[in-house]
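Residue numbers (my numbering), protein chains in the order written: chain A, 1 to 634; chain B, 1001 to 1101; chain C, 2001 to 2520.
Where a beta carbon is used, it is the ideal one built from N, C-alpha and C, also for glycine.
What follows is a set of notes on a single structure, which appears directly below.
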Amino acid sequence: MNYVLPLIPALPLVAFFITLFLGKWWLKDSAHWIPILAMAGSFVLSVAAFLAIRGEEHAMVVELWRWIPVGDFQVPIAFQLDQLSSVMLLVVTGVGTLIFIYSKGYMHGDPGYYRFFAYLSLFAFSMLMLVLGANYLLLYLGWEAVGLCSYYLIGFYYHKPSAASAGKKAFLTNRVGDFGFGLGVMLIFVTFGSLDYLHVFEAVEHGGTSEGILLAIGLLLFMGAMGKSAQFPLHVWLPDAMEGPTPVSALIHAATMVTAGVYMVARSSVIFASAPTAMLVVGAVGAFTAIFAASIGLVQNDIKRVMAYSTVSQLGYMFMALGIGAWIPAIFHLVTHAFFKALLFLGSGSVIHSLGGEQDMRKMGGLARKIPFTYWTLIAGAFALAGVFPFAGFWSKDEILGMNFKGGGYIIWAVGLIAAFITAFYTFRLIFMTFWGESRMDPEVEKHVHESPWSMVVPLMVLGVLSVGAGALLGIPPEGGLFAKFLEPVFEPANQILGVHHEAFAAIDVILMIVSLAVALSGVALAYVFYVRRPDDLPQKAGAISQPLYKAVLNKWYIDEIYDATIIRLTIDGSRWLWRVVDAGVIDGAVNGVARLWDIAGRIVSPFQTGRVQNYAVVMFVGLFVIVTAVIVF
Amino acid sequence: MVIPIEWYLVLSAFLFAIGAAGVLMRRNLFIVLFSIELMMNAVNINLVGFSRLHENLIGQNFVLFTMTVAAAEAAIGLAIVTALYRNRRTLMVDMFDVMKG
Amino acid sequence: MEFGFAEQIGFRALSLLTFLPSLGALIMVLFMRGRPSAYKATALVASLATFALSVYMLTAFDSSTAAFQFQENFVWIENFGINYHMGVDGISMLMLLLTSFLSVIAIIGSWNYVKDRELAFFASLLILETGMIGVFTSMDLFLFYVFWEVQLIPMYFIIGIWGGARRIYAATKFFLYTFTGSVLMLVATLAVVWWYGKESGALTFDILTLQNAGFPSNIQFWGFLAFFVAFAIKVPMFPVHTWLPDAHVEAPTAGSVILAGVLLKMGVYGMIRFCIGFFPEATVNAVPYIMVLSVIAIVYGAAVSLVQPDMKKLVAYSSVSHMGFVTAGLFTFNQQGIEGSVLQMVNHGILTGALFQMVGFFYERTHTREIKDYGGMARPLPIAAAFFSLFVLGSLGLPGLNGFVGEFLILLGVFQYMKVFAVIASLGIILGAGYLLWMYQRTMFGELTNEKWLSLKDLSAREVLTLVPLAAMSVVIGVWPGPFLEMLHAPSLEIIAKVEPFMAQQHSLVQMASTFLGGF
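If you want it as structure tokens, here you go:
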């Protein structure tokens, strides 16, 4: 493992450098080969890592070198392999490889082709650093680095002002979260004298740390997670991030990077378990975000934006799970979500690709027969997202809801259930508007509709299979499946602190499953009524009845506008005031004032300086005369 | 007959006063220069007079020095005046007030 | 301990290092009038040789001790106890490397920049280098003062002769501001020397002797104040920073690079040597105030940067913010803070030097620095945009690049000192990302604002050559800062040991300040 582990992130890094430096002049249209091979290599190595760590009690740590050694602050570049990082590795490299392959087709012919693959490789490297790092500072490094790649990739079409500002918005919003994360890391160091996971967690388990400090750490870390995983109120960047190319949305803004927050909280499960209030906050924010984002997704017309809000909402589910200590279901949902959401994004990308760039669902329709592969894979993804038995999303979502119910979180359970209903509705709204019914396409566009190339369809099919089967394969029986068994050692300490006992599968689980299935199906059915049976009048009527609400939702609850009017306005105006008034006015005013004072003094005495030698001489003579007289007389 | 020291002093005082008045009041740079020479010679007369009074040759020595320096000074002074005239086309002293504050 | 080659050349290495650039300048002025290629080459060779020598000294440098190395000590003016005494410790060694490194970059960077009186320009740069190196190597207060003034003059000319439209105003402001501080420093120097002479019976300007003098409280207070103001102006700390934006905006590129890269560091360096070295007690008592000023500088500088319409002014104000980090870290008096602070000086020198260099390159092409005149420049200038993004990212503290290491260590130090300050300083980091990315977006991204820009040429090989070392250093320090920090361990422990005895009484002040600020 000592050599394998560092190689996993190193391969994409090497691919990044090669592609970046040679891409423009040499690799050009074949720039995809090196990144794809590197990614596939990382995947193989990740599988090896998975096999090595299966059933192990303890984590493996490989230290490369001391990164920042200052006094008692010693941070190594070190990798930690345990079941949690292994799962993340597989997701990142697995889904990553598929998306890399997909990108070959999707980005074909783009002038920035090599640049795109270079960024993707850098992203893969950063994400792998994030999940492999053995201490909080490396997590922070990966965290910021993925944010950077996200910035570049969102702004990939940099000549579009909207893309450029979306990238900036993403980075800045994340920075707000990282403000907390950074402080949290410092507090961890000050409290425990180390940033290594193993050391910190051991110290927490040992007890003796005041709950207030643990709560502060938990909340500060969660602040970072809120930024990266787009939880309310820091969710605003993710929908805008859809300005990036679709493979980016799939890889970064659905499958991997945005789940980093979930990974972080799960990784710190011991800390959160010791600070119940922090968990409550995590759960509450998650639940609120789940329903909040779902409500916005309900009315969006841009196919990618629907997906974006759905991602925010699904991330909310994961935090909801973490909030009650359902670590494994959260990670399980993370994995299944990575499959089906990547699928949905890639599928939408395929739709957009075949329509030559059209993203507005109002200008689609009737595509099912024209692009059948895309259609059928998307259907699989949609069922998974809606949580319909036996698709992947059903198992993970049901586990989250079930554990909430059984844990006594009835309110959160109810919220989750409503959100699930909305999710099913908007997912199938998307399917129906895009693929069913009459075509609403521009005739010009319609002529050119074509199925996407194989490099795009094959990844879709693989993800489709995973979306169908992965849930059942890994998640049966609920809370005791292969997945749970595998991950158990990682979360054992946290569960011990929480006093969670494993319960056998019981009748109550079956009832809950049926309830959530019923909710999901009714959502699908309602969407069917709205957009297939009566697409011409029902949506309009519903919108008209709830006019103010509809408008608020359509405008994303005016969150962006509120931020613009308050925080951003205040910062800019305040800064301008500081510059114009304080800096130029007060400080420089004082400085120049002093200078002017001397200037005035000079003006007063300068007339005595006539410049005529004779005047001076007269004064000298008179002065001499006066002095001599005075000396003689007195 | 020994000329009494007072005669020297009175003559030198007159010469010095004329020179000083010239320096202070005349506008032509040449005249100003000449007036300075005049003042210098007044001082020389004083030196010679006291030299005789004290029967000490140091004073006369000094006069020789002064005259040499005065010659050099006159040469430089005239050179400057010539240069000034070339530049400004005037020798009126009150026109040279570049250093006016 | 065996005496290797280092020891043998050691006793003259520092003098050689100091005067090598001036020697180059002399040769240029005497023999190479009117032959641009010859004198430029000489300038380059002189600066390269200086850099090579400083690197060579690094290999002979023993980082395990805080003692001064490569010492040379000659009597200069015996009656006043003035010696020609030079030596370096880890901190000054790093500063030397930074100085000689940036000087090379500045000289290559301004190869075709000035059109007028080129010889004098390069000669000034070299004399400036002598002054700067002298400041970092002097171990005699008088010698230090001489070099301190020596570097002021070429800089004054560089701004005043080769600067922009308001260069006279800027140069005068720069000179007067700094000189006010210098005069205070001179008075304090004389007071300190006089007091010590009265006590011990012999005048001395020797820094090491004076550091162990143990001045009484009143001398400490006034001495500290005078030295501190002198150095605070140089750093510059809030609120005596307003010369900086003007000087930077008007200065030619090389001037800005050196000014931001090295000259500002002399202020902090002076604080380490003199404020802390001579007056530890007064320093400890002043820490809360310094902290408040530093934190204000961090947030204030960042906020003002946010709204600057001029790229160069933006970078200049960002320097105020970054130097706020440096002073904040230094006066935490814990190892992380101090080492972070000194490392951040190096980082800031590299990154801000690079940013100024890049703004200069853009200016040479477009003849404007207004952000609104740019836009979409990534299209005609992809290589420039790539480098620019690297430096912007380093500057906003992206992990993996050098800015992060320093900044994080400083914040960690400040956090240990008082949490509230760390929280506020962290806000500066958010703002930092804000102004830098916003600038980057408005200049490099978006649609081309001006069709003319399409015909611009991307960076030439020479320009890339100036940026590659900066970029490389940025990455190296980012991923492997160990060797650099290693040099700082001993000096930073020395500083801590120096102030330790007075810390007990400082705590009451901290508590006062923290109750005042509402505590955390």
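The Cβ of B/Leu1024 sits closer than 9 angstroms to at least one Cβ of chain A. For chain C, the residues of the segment 157–186 of chain A that bring a beta carbon within less than 7 angstroms of one of its beta carbons are Tyr158, His159, Pro161, Ala164, Ser165, Lys168, Phe171, Leu172, Arg175, Val176, Phe179, Gly182, Leu183 and Met186, in chain order.
Residue pairing for A/Ile77: DSSP places it in a beta bridge opposite A/Trp65. For C/Ile2107, the enclosing alpha helix (DSSP H) stretches over residues Gly2090 to Gly2109.
Taking the Cα positions, C/Tyr2056 is about 41 angstroms away from A/Tyr197. At least 9 angstroms separates the CB of C/Pro2380 from every CB of chain A. C/Tyr2169 sits close to C/Glu2250, with the two beta carbons spaced by under 9 angstroms. Within chain A, the residues Val70 and Gly71 have their CB atoms less than 7 angstroms from the CB of C/Gln2335, given in chain order.
Listed by position along chain A, the residues whose Cβ is nearer than 7 angstroms to that of C/Glu2339 are Val70. Approximately 4 angstroms separates the beta-carbon atoms of A/Gly142 and A/Met129; this is inside 8 angstroms, confirming the contact. In the structure shown, A/Gly133 falls within a strand segment according to DSSP collapsed to helix, strand and coil. With fewer than 16 other beta carbons inside 10 angstroms of its own, A/Pro443 counts as exposed. Between A/Ala630 and B/Asn1028, the alpha-carbon positions lie close to 33 angstroms from each other.
Comparing alpha-carbon positions, the option among A/Ser348, A/Ala386 and A/Glu399 lying closest to A/Tyr375 turns out to be A/Ser348.
Separation of the CB atoms of A/Val532 and A/Leu538 is rounded to 10 angstroms, and the pair is thereby denied contact status at 8 angstroms. Comparing alpha-carbon positions, the option among A/Leu334, A/Val92 and A/Phe17 lying closest to A/Ser42 turns out to be A/Val92. With a threshold of 9 angstroms between beta carbons, B/Met1099 makes contact with chain A.
Around the beta carbon of A/Gln83, a 10 Å sphere encloses 16 or more other beta carbons of the protein chains shown; the residue is thus reported as buried.
For C/His2085, the secondary structure class from DSSP, reduced to helix, strand or coil, is strand. By the CB criterion at 9 angstroms, C/Val2287 and C/Val2235 fall outside the cutoff.
Note: C/Gln2416 is not bridge-paired with any residue in the DSSP secondary-structure output. Contact between A/Leu417 and A/Val519 holds: their C-beta atoms lie close to 6 angstroms from each other, under 8 angstroms. With respect to the C-alpha of C/Met2093, the residue from C/Trp2195, C/Ser2395 and C/Val2342 having the closest C-alpha is C/Val2342.
Under a criterion of Cβ atoms nearer than 7 angstroms, the residues of chain C adjacent to A/Ser575 are, in order, Ala2303, Val2304, Leu2306 and Val2307. Listed along the chain, the chain A residues whose CB falls inside 9 angstroms of the CB of C/Ile2429 are Arg175, Asp178, Phe179 and Gly182.
Interface criterion not met: the Cβ of B/Val1002 is under 9 angstroms from no Cβ in chain A.
Cα atoms of B/Arg1088 and B/Gly1019: separation of roughly 26 angstroms, rounded to the nearest angstrom.
With respect to chain A, the C-beta atom of C/Glu2486 has a partner C-beta closer than 9 angstroms. Nearest to A/Leu334 by C-alpha distance, out of A/Leu298, A/Pro390, A/Pro372 and A/Met264, is A/Met264. Here DSSP, grouped into helix, strand and coil, assigns C/Gln2308 to coil.
Interface annotation for the segment 2382–2409 of chain C against chain A: Pro2382, Ala2385, Ala2386, Ser2389, Leu2393, Leu2396, Gly2397, Leu2398, Pro2399, Gly2400, Phe2404, Val2405, Phe2408 and Leu2409, criterion Cβ-Cβ distance under 9 angstroms. Rounded to the nearest whole angstrom, the C-alpha separation of C/Gly2223 and C/Val2088 is 24 angstroms. Identification of chain C residues near A/Trp25 by a Cβ-Cβ cut-off of 8 angstroms yields none; the smallest Cβ-Cβ distance measures about 12 angstroms.
At a beta-carbon threshold of 7 angstroms, none of the residues of chain C lie near A/Leu219; the nearest stands roughly 13 angstroms away. Interface annotation for the segment 2121–2143 of chain C against chain A: empty, criterion Cβ-Cβ distance under 8 angstroms. Counted as a single uninterrupted DSSP element, the stretch harbouring B/Phe1050 is not any beta strand (DSSP E) but the alpha helix (DSSP H) occupying residues Leu1029 to His1054.
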